[in-house]
Amino acid sequence: MMSLFASATKILAKTNGDTNNMAHENWRQVKEIFADVLRQKPEVRRQFLNEVCGDDATRREVESLLSSFDEAESFMENPAVGEVAELLVAENSQLTNGQNLGRYEIIRQIGAGGMGEVYLAQDTRLNRKVALKVLSAELTNNKMLLARFEQEARSASALNHPNIITIHEIGKDRDIHFIATEFIKGITLRQQIGGRHLETAKALDVAMQIASALAVAHEAGIVHRDIKPENVMLREDGLVKVLDFGLAKLSEEKITDPFVSSEALTPTQVQTNPGMVMGTVAYMSPEQARGLPVDARTDIFSLGVVFYEMLTGTQPFAGETTSDVIAAILRSEPQPLSIHVPNASVELEHIVKKALGKDREERYQVVKDLLLDLKILQRESNYTAEISSAESISNAEESAAKTQIVMPLKTENFLPKNNWLWFALPALVLLVIVSANYLWPPGEAEKIFLGSLDSSPIRSWNSEFGEGDLSRARFSPDGKFIAYGASKNGKKAISLIQIGGGEPLLHKQEDSDDWSPIFSPDGGKIAYCSERVTQSGIWEIPVLGGSPVLLAQLDTRCQGLIHWDKEEIIYFEMTNNLYALNIASKQITQLTYLDTSQLGQRDFNFAPNEKRIVYADRKDGQSDLWIADKNGGNPKRLTNDAVEDSRPVWHADGKRIIYSSDHNGVKQIWLAFLDRRRPVQMITSDFDSYVADVSSDGTKILYETTRDAYHLWGIPLEDRKEFKLTSGIGAEFWQDVAPNGEKIAYQSACRSSVGGNLLQCSIWSQKITNSDQKFKMSADGFNPRWSPDGSHLAFLRSEAAGNNSLWITSAAGGDERKLTDGGIVFGGLSLIPFNHLETQDYQWSPDSRSLIYCANRGGVSNVWKAEADGTADGADETQLTKNEDKSLLFFNPLFSPDGGRIAWLSMLPGKQRKTNRGIWIFEDGAARQIYPSESVLGLVGWSQSGNELIVKSAKGRIATSLPVEVSLFGLALDGSAPRSIAKLKETFFQNIQLSPDRKTLAFVTRQDDKDTIQTIPSTGGTAKTLISSNDARVYYSNLAFAPDGKTLYYGKQENWQIISMIVDFE
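Under the numbering used here, residue 1071 is the last one in the sequence shown; the count climbs by one each step, no gaps.
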């Protein structure tokens, strides 16, 4: 497909041969009118022709050009195309060799473009070669084109990046307007492609450099809008330069960025309107081809087209005419890469397909996400799957008699040590701390300078199905290896990687969850925590594979291994205290006796001399770091602030401690001093960053980060046309639809890394038909639920020590009231995807006058009720059940439709690691169990009649992130046998939802390695597919029906995990 500019040039050239009888001035006029017509909106072109054509002959010539341009259909009805609208090629050079233009001496003409000519010139003042882009003399009086010419200079000069052409000057001399830019010695990407495909590695490199340039432009609010091979140059040294910001549009909201010159940005821009198409048609996004408003995602689509062309040598959307190409962009899917590139990987197909999404909501949302995936793919391509030499791997395989060492199907390699492209995670930038930090020992302030910290990712991955749950990474004693625990296909396993290159080795045990590895003092073995069907304990295994050995069996779950000393003692955390395991004698000794009710995991860490420990503890309502003797004696507070401090690691010098601290809702890495100096922040990131380990020489620091993208979507059950509800920064999730169907409430985490902090969020209400009409209902809360009459919104709030209370606010907001005393049982959640583990943690009564919930108070669980109009702090709470068994846990209460009965679930630990579960009913003032089971149970809701419960069940242990076979059955309250409804294969147990009219069940299944939402009648029948994800790494979560049952709302989630390392730390 010839570009529009080339097509129109060919038309004019052909017509030039037929104009011998036409006066030169008349032909010049025809060309000008032709160009002006193409700039007009489709609906005004005819009128424009009538106004500007002074005679019929001129009009016929212009119409002839237009007809030749596009014979497929009347071009008078087509959108104007920017590149053709600029078709003003100078017929004769304005400047001659040796002529001066300002301080520039012309050497020769090197090109001609839509707005004029390009010359190679010598800067006589700075003695350097430059490229001069000279505006055609014919255009000097055209104010719009002159403004666009100047805009190109302003747009590019506002950006300072190695992949963007450098603008030296914009000037005017003797009525000649020019732009002086750096002279790029190289070829265009169009010349490089030349109708042939590039090697995948080359195409990847070029695409990454273009994406890196666009990332900086987009951060500045500048959209290029004309990414194509002609606007990309390749220097001889391989550096890519993005050119021609002539169509660039400055967004209304400009973002401050260190790569952007604020002085160069100016509000004077060429304005465009819907209906005006700017760009080159073969590389246009669908919205651009339609003349709709565009944003940065249009550049992502254009880059996707260029990337496809580099890989295949052909354009993804082709046609004989302009109209054909636009139709292909709007309606056709490009041929799969595998047709042109037989060895194209699944990941490469995924990247190209996502970049070319016709719906921009389904496309990469920011170019940095595309850049991230490109870099991950590059690392996969560049490195082998060896962890060391072939001999060592071979020996390891021979010794691995019982332990299976497998390579993951999709894993990421290491970033090349000398790669100049830093790892482009959105806003994950390790900032150089260039300002002095004031530290305060007694008596006076002391100023120190941390200097520049060098950081790079060691391993990163876009979490696949069943992945996640990264456990603390650890250095080997020599600092050459790293071990960590992470989930794969729902099972936690230990991975080993070598710093500097190679894929991880996965130590995979059957039927076990393994986590928290540490190395032996000689580096030859790894110990780890393990939970199996029959037992839990601490195990060890040779580093490069072999038979695992049980070191100690534990009756309580191990929270993490802390240290392995030269005396063959392993220190570990259990029940929030420190224990010691003597490997030789198998004796376990408890060392600390800290209050277990105040905090979760304390993350103990040893001083280099092994005599003292540091840990996190909560006292006086705040979580700080404490230092104590190894047995917990002589505790002293190290940090003292209102923020959450955690994950302390003692530095090798014994004088400093590195830790994570929650500032402004994001975990950052800080440095504390034992000499009472003020702690200082080490890195700044938009993601939660958790310290993992420090190398034995103190020069390297490991830390872990996660990134989440989660937004709300809806889909009508009839037409099945999906629409997006939210698109803010961070995550919006756990939605509930108001009874009138007009508003939706949800909780929001305005940060790029949500991690496990799903309970520290704000709550918002938003109009479904207008995402701009939203209101913050509460600054602190989670799990919102509308009252049935729509007058109030209830929510939970996590208070000190994880104590949950129930709150309500009016539908208008602003009058929060606490209803309960605390201790509300929250059933839990899964992280990938974000699902509630239970259908309800509390529920409104049908008449909106009260709420029921389960609460654990005094160590005993019971069902309670609170009046919605009651006073604060539990004054109007009523205990409904009389349980006194501390081992029996109640949760998931549900009102019957008439409000006369309450159902809930129970769980009681049994013998041989089994759990007894039950379904209970409260009616007429008494509680009774109506169904016991050893299978996992869940309450979906009540049947249409209100006399049956719809129950879900699964056998064995189920992972919260894995699909299982789910049995649905109806359970009558009179003790009769359950009635089977359906068996749902490969279904997420936690994500089954009943419609408000109780006629339809919606659920999420995993089919062909992708999430699918299906529906089925609540009485049983054939399941119907509502929608399927087109991305294996995008997950559906938390289904919620509209009150009329005609629309289903849900979340879409992606997750990334990164292990990074700070090097050369002093």
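Using N, Cα and C, we set each Cβ at its ideal position, and we do this for glycine too.
Which of helix, strand or coil DSSP assigns to residue i
| i | result |
| --- | --- |
| Pro462 | strand |
| Ile1072 | Only positions 6 to 1071 of the chain appear in this structure, which leaves residue 1072 out of reach. |
| Lys380 | helix |
| Phe74 | With a pLDDT of only 46 at Phe74, under the threshold of 50, the placement of this residue in the model should not be trusted; the figure read from the coordinates follows. Phe74: helix per DSSP, three-state reduction. |
| Asp667 | strand |
| Tyr288 | helix |
| Met579 | strand |
| Ser343 | helix |
| Thr101 | coil |
| Met213 | helix |
| His355 | helix |
| Glu737 | strand |
| Lys207 | helix |
| Asn418 | Residue confidence for Asn418 is low, a pLDDT of 34 falling below 50, so the modelled location carries little weight; the figure read from the coordinates is stated next. Asn418 falls in the coil class under three-state DSSP. |
| His656 | coil |
| Gln848 | strand |
| Val371 | coil |
| Ala987 | strand |
Residues sharing a beta bridge with residue i, DSSP
| i | result |
| --- | --- |
| Met238 | Thr193 and Lys246 |
| Val969 | Thr992 |
| Tyr620 | Trp631 |
| Val139 | Glu122 and Phe183 |
| Gln127 | Glu110 and Lys134 |
| Phe839 | For Phe839, which the question treats as bridged, DSSP gives no partner whatsoever. |
| Met912 | Leu894 and Arg922 |
| Val830 | In the DSSP output, where bridge partners are listed per residue, Val830 has none listed. |
| Gln998 | Ala1007 |
| Gly946 | Ile955 |
| Glu872 | Ser855 |
| Leu1075 | What the structure shows of the chain is the stretch from 6 to 1071, and residue 1075 is not part of that stretch, so it cannot be assessed. |
| Met1066 | Ser461 and Leu707 |
| Gln934 | Trp925 |
| Arg562 | DSSP, once it has assigned bridges, lists no residue as partnering Arg562. |
Among the options, the one whose alpha carbon lies nearest that of residue i
| i | options | result |
| --- | --- | --- |
| Met1066 | Ile487, Phe322, Asp178 and Ala557 | Ile487 |
| Phe839 | Asn996, Gln949, Leu910 and Arg984 | Asn996 |
| Ile1032 | Lys358, Gln196 and Lys1057 | Lys1057 |
| Tyr708 | Tyr695, Asp702, Ser700 and Gln383 | Tyr695 |
| Leu976 | Glu1059, Tyr936 and Asn587 | Tyr936 |
| Asn1043 | Gln320, Thr1027, Phe1008 and Lys1029 | Phe1008 |
| Val459 | Tyr1054, Arg201 and Thr689 | A quick correction: the sequence has Asp, not Val, at residue 459. Minimum Cα distance to Asp459 is reached at Thr689. |
| Val538 | Gly103, Gln104, Gln558 and Leu375 | Gln558 |
| Asp519 | Asp527, Asp646, Asp483 and Arg562 | Arg562 |
| Lys373 | Ala301, Leu248 and Ser337 | Ala301 |
| Leu836 | Tyr1040, Glu314 and Ile1021 | Tyr1040 |
| Val221 | Asp242, His166 and Val247 | His166 |
| Ala1037 | Tyr1054, Gly1050, Asp1016 and Ala1047 | Asp1016 |
| Asn168 | Asp210, Ser290 and Ser892 | Asp210 |
| Gly819 | Gly505, Ala1045 and His797 | His797 |
| Ala647 | Gly659, Leu630 and Ile663 | Leu630 |
| Ser535 | Asp527, Gly550, Thr704 and Leu555 | Leu555 |
| His355 | Phe312, Ala323, Asp329 and Arg336 | Phe312 |
| Leu137 | Leu164, Leu100 and Arg130 | Leu100 |
| Ser590 | Leu942, Phe577 and Glu573 | Glu573 |
| Pro321 | Ile305, Ser328 and Pro341 | Pro341 |
| Gly490 | Ser476, Ala959, Lys496 and Gly484 | Ser476 |
Distance between beta carbons of residue j and residue i, contact taken as under 8 Å
| i | j | result |
| --- | --- | --- |
| Phe1119 | Trp909 | There is no way to answer for residue 1119, as the model of the chain reaches only from 6 to 1071. |
| Leu856 | Gln848 | 7 Å |
| Val346 | Leu382 | That pair is no contact at about 13 Å. |
| Thr597 | Leu583 | 4 Å |
| Trp947 | Gln934 | The Cβ separation is near 18 Å, so there is no contact. |
Subject >> Sequence ranges, alpha helix (DSSP H) only - wholly within the segment 297-337, length at least 4 >> reply: 302-317 and 327-336
**OP:** Jot down the residue ranges of each uninterrupted beta strand (DSSP E) in the segment 742-816, minimum 3 residues, whole runs only, in chain order.
**Re:** 748-754, 767-772, 775-783, 787-791, 797-803 and 809-815
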